[in-house]
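Here's the structure we're looking at; comments come further down.
Written as structure tokens, this is what we have:
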């Protein structure tokens, strides 16, 4: 059950970093958590599809999540323009 706490904390960190990279700020705590968790899913899928690894352990997971979150935010920004 404590893994949920870790998922929320790491998701918030990933969302915050992606927000800084993509638009210069975060999305609030709840927004960062959602973006981070979705970004981790997208990043995991993307790295598996491309057969690449960004490292192992916590740092690798955060890097993978940030990559996925940045891709997610980029796609969302393109869709919002339309």
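Residue numbers (the numbering used here): -11 to 70.
C-beta atoms are modelled at their ideal positions from N, C-alpha and C, and glycine is treated no differently.
In whole angstroms, what separates the C-alpha of residue i from that of residue j?
i          : j          : result
residue 62 : residue 32 : 17 Å
residue 28 : residue 54 : 7 Å
residue 9  : residue -9 : 27 Å
residue 65 : residue 56 : 14 Å
Can you tell which of the options has its C-alpha closest to the C-alpha of residue i?
i          : options             : result
residue 19 : 35, 34 and -1       : -1
residue 59 : 17, 34, -10 and -11 : 34
residue -3 : 68, 65, 69 and 49   : 49
Going by beta carbon distance, what residues of the same chain come within less than 7 Å of residue i, once the five residues before and after it are set aside?
i          : result
residue 15 : 3, 7 and 23
residue 25 : -5 and -1
residue 51 : 42 and 43
residue 1  : 24 and 50
Applying the 10 Å Cβ sphere with the 16-neighbour rule, what's the burial state of residue i?
i          : result
residue 38 : exposed
residue 79 : The shown model of the chain, from -11 to 70, leaves out residue 79, and the question about it has no answer.
residue 21 : buried
Using C-beta distances below 6 Å, list every residue in its chain close to residue i, excluding the 5 sequence neighbours before and after it, in chain order.
i         : result
residue 5 : 54
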